[in-house]
DNA sequence: GGAAGTCTTGGACAGTCGTCCAAGTCCTGA
DNA sequence: TCAGGACTTGGACGACTGTCCAAGACTTCC
């Protein structure tokens, strides 16, 4: 099972650096430093390889989300601290170790639109993110926290994708990113249903 | 030039129905009802084919945006009419003729993250969408319409992707979609900077 | 110790890919 | 009318793809 996990990590890395098209049996094996036939042995078909890589990336994202929840535990109820934490979490995914899994996550969404069998992974992530968002928003006193959470998650996903696409010279970083998130949060809190 | 346009339309259609991986010379030619060698004649390389297809999809999206602007012209200043128009515009992209170009747009964003030469198309679309959003938000009296427009565009992009990935049985349609957009707009308008 | 099973891997297979070319068709301008 | 060019296309090429197999290495249990 060790090699299987290594192969999946190499696959996610490949998606992040070269896109889903570059995900071939041989490239994955080479990325993991293993002989070419190893991918065929651990995965019955390419679809199985792609699916499991995307699911694994989702698990990684959910794990990172738990880290964010823990980080928020200390600073709960403080909107400024919340904005800082979310901004740091986004930038870690844009320029840090979470970049590949973040790419894979968007590829998963596009794949799931055509292949319903992938949707359970999507649903799991959506549930985790929305639960965290709702918990935070409820504690801050947002009206209709469920709806606000859905909106917050979608908006953050959109902002993250925009920043991802614009590359390193993006305007969506540092102080400007924090200002944007701050306004989003402020708006969701002050809205009266 | 007629055949070239037909090939690009077939390419966009292919991206929408089978994904970017399915974009091969032969499949595009077959989709356009043309002999296999025609793709090689009109596009020097596959990259050129992919790039032009993604750019063309962006033009289509910008065109549809102009239609939205015209539709809004009548009902300007009325938030309810604005929400209805945007909701109809989103659903047309999810289930109507704009679906393929919408798919292509997200693929473009992921591609542009790794290939900066594609970013000009992204910038053009971002400018067009943000200009329209800012114009509308300013007319409705939103504080800092520029920032609000960026937020609105990112949020709508996120909502659209979420709905796209969840498929036809999505919870993000009809009345619920309108309610979500209404809250987003309300929040952005009532926020006090 | 040896049988039974799993793991590992080099090599092969048919199919598809991007790309190219030479021959044929069509259109234009003198 | 006819030469020159652009357009069109069937077919071919090597490279790469997913998948499979047989043989060897290793592990586990009687």
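Chains as they are written, first to last, in my numbering: chain A, 7 to 199; chain B, 7 to 199. Where is the CB? At the ideal position from N, CA and C, for every residue including glycine.
Three-state class that DSSP yields for residue 13 of chain B in the structure shown
helix
C-alpha gap between residue 63 of chain B and residue 174 of chain A, whole angstroms:
Each residue's alpha carbon lies about 24 Å from the other.
Reference residue 164 of chain B, options A:138, A:11, A:111, A:17, closest by Cα
A:111
Helix, strand or coil for residue 51 of chain B, going by three-state DSSP, please let me know.
coil
If contact is defined by three or more beta carbon pairs under 8 Å, each pair taking one atom from either stretch, is the stretch 24-42 of chain B in contact with the stretch 178-189 of chain B?
no
Figure out for me which residue from B:99, B:96, B:19 has the closest Cα to the Cα of residue 36 of chain B.
When the alpha-carbon of residue 36 of chain B is set against those of B:99, B:96, B:19, the nearest one is in B:19.
Taking only beta-carbon atoms, is residue 191 of chain A less than 8 Å away from chain B?
no
Close-in-space but distant-in-sequence residues of the same chain around residue 143 of chain A (CB under 8 Å, 5 per side omitted)
Counting only Cβ-Cβ distances below 8 Å, and skipping sequence neighbours, we find 151, 154, 155, 158, 194, 195.
Taking the alpha helix (DSSP H) that residue 185 of chain B belongs to, which residues open and close that run?
180-196
Taking the Cβ atom as the reference point for each residue, do residue 9 of chain B and residue 40 of chain B lie within a distance shorter than 8 Å?
yes
Amino acids of chain B, ordered along the chain, whose beta-carbon sits closer than 7 Å to that of residue 122 of chain A
173
Nearest CA to the CA of residue 169 of chain B: which residue from A:126, A:119, A:69?
A:119
Please identify, using Cβ separations under 9 Å, the residues of the stretch 99-111 of chain A that lie next to chain B, in order along the chain.
Within the stretch 99-111 of chain A, the residues whose Cβ lies closer than 9 Å to any Cβ of chain B are, in chain order, 109.
Where does the unbroken alpha helix (DSSP H) through residue 135 of chain A begin, and where does it stop?
125-145
Excluding five sequence neighbours on each side, which residues of the same chain lie with their C-beta closer than 7 Å to the C-beta of residue 136 of chain A?
155, 156, 159
Report the residue from B:129, B:30, B:107 whose alpha carbon sits nearest the alpha carbon of residue 167 of chain B.
B:107
Rounded to whole angstroms, what is the Cα-Cα separation between residue 199 of chain A and residue 70 of chain A?
For residue 199 of chain A, the predicted model reports a pLDDT of 48, less than 50, meaning its position is unreliable and no value from the coordinates is stated.
Would residue 13 of chain B and residue 45 of chain B be called neighbours here (beta carbons separated by less than 8 Å)?
yes
Measure from the C-beta of residue 20 of chain A to each C-beta in chain B and report whether the shortest distance is under 8 Å.
Answer no: the Cβ-Cβ gap between residue 20 of chain A and chain B never drops below 8 Å.
Could you say which of A:7, A:56, A:72 lies nearest to residue 30 of chain A if we only look at CA atoms?
A:56
Do you know how far the Cα of residue 138 of chain B is from the Cα of residue 148 of chain B?
Answer to the nearest angstrom: the Cα atoms are 14 Å apart.
Does the Cβ of residue 30 of chain A lie closer than 7 Å to at least one heavy atom of the ligand ADP?
Although the ligand ADP was asked about, the structure shown includes no ligands whatsoever.
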